[in-house]
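Notes to accompany the following structure.
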Ligand code: MD3
Ligand code: FE
């Protein structure tokens with residue numbers, strides 16, 4: 029039996045195919061307005077394999093010189109990020125348990141070969157709010173551990189339409205995406221996976 033760390037709630041198959049299609053259409057509009065970019069690691073400038081964009085009043089960005097941060101504009105177009113689509117705001121209302129609206133929605137696009145190394149999400153000042161994640165497209169192997177990198181991890185598959193809520197004592201847990209399973213979903217036009225994470229960045233201002 030798979031036991032998830034305390035504070036992590038996985039709801040497999042929450043979104044029906046119709047809802048996934050509708051959400052995907054919303055995200056295609058976001059990407060049309062706010063193109064995917066290739067994030068690079070601070071200092072080394074090493075590109076990540078995942079491509080990203082955001083919607084919301086703040087978006088997560090990274091570059092060689094200034095590192096990881098949230099900012100109100102796209103790093104290449106310099107325009108404000110588009111609004112978070114209503115159906116995502118509704119999911120946040122229904123599942124986050126948080127009274128404040130999310131400020132950021134990070135859109136991660138994984139090609140068939142992309143992965144994301146073990147890391148913590150600690151660029152948010154408001155750590156009492158959960159992170160809400162929605163997966164679309166091909167399945168992935170997701171891994172989550174404890175508060176130290178060395179701790180034991182558990183791995184499980186995230187499939188299209190799954191929701192994951194990360195809060196409480198797992199909010200600063202190490203986690204990553206080991207691999208994509210290309211061809212496990214027909215939602216996208218090509219092999220790959222989209223992950224959406226809704227986040228509160230600042231305490232109620
Ligand atoms: C567990 N994204 O964008 S989402 C990220 O599938 C990120 O794209 C992954 O890690 C993805 O930072 C995982 C689920 C998730 C999000 C935040 C977490 C799991 C988490 C924070 C702490 C522990
Ligand atoms: Fe993360």
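Numbering (the numbering used here), first residue to last: 29 to 233.
All C-beta atoms, glycine included, are put in the ideal place defined by N, C-alpha and C.
Residue i: CB within 7 Å of a non-hydrogen atom of ligand 2
i, result
"residue 206", "no"
"residue 38", "no"
Short CB-CB distance (under 8 Å) between residue i and chain D
i, result
"residue 48", "Chain labels in this structure do not include chain D; a single protein chain is all it has."
Exposure of residue i, with buried meaning 16 or more beta-carbon neighbours within 10 Å
i, result
"residue 82", "buried"
"residue 175", "exposed"
"residue 186", "buried"
"residue 147", "exposed"
"residue 152", "buried"
"residue 29", "exposed"
"residue 223", "buried"
"residue 31", "exposed"
Contact test: residue i Cβ vs ligand 1 heavy atom, cutoff 7 Å
i, result
"residue 65", "no"
"residue 194", "yes"
"residue 201", "yes"
Integer Cβ distance of residue i from residue j, believed to fall under 8 Å
i, j, result
"residue 195", "residue 84", "That belief does not hold up - the Cβ atoms of residue 195 and residue 84 are roughly 19 Å apart, past 8 Å."
"residue 43", "residue 51", "7 Å"
"residue 158", "residue 126", "7 Å"
First and last residue of the uninterrupted alpha helix (DSSP H) at residue i
i, result
"residue 60", "45–61"
"residue 88", "Segment 87–89 is the beta strand (DSSP E) holding residue 88; no alpha helix (DSSP H) there."
Alpha-carbon to alpha-carbon, residue j and residue i
i, j, result
"residue 103", "residue 197", "32 Å"
"residue 118", "residue 75", "33 Å"
"residue 211", "residue 233", "44 Å"
"residue 54", "residue 115", "9 Å"
"residue 138", "residue 208", "8 Å"
"residue 225", "residue 92", "23 Å"
"residue 5", "residue 64", "Here the chain covers residues 29 to 233 and nothing more, so residue 5 does not appear."
"residue 189", "residue 106", "32 Å"
"residue 100", "residue 228", "14 Å"
"residue 128", "residue 154", "11 Å"
"residue 164", "residue 191", "10 Å"
"residue 178", "residue 97", "25 Å"
First and last residue of the uninterrupted beta strand (DSSP E) at residue i
i, result
"residue 206", "203–209"
"residue 137", "132–138"
"residue 96", "Here residue 96 belongs to no beta strand (DSSP E), and DSSP marks it neither H nor E."
"residue 193", "191–194"
"residue 116", "That residue, residue 116, is in no beta strand (DSSP E); its alpha helix (DSSP H) goes 114–123."
"residue 170", "167–172"
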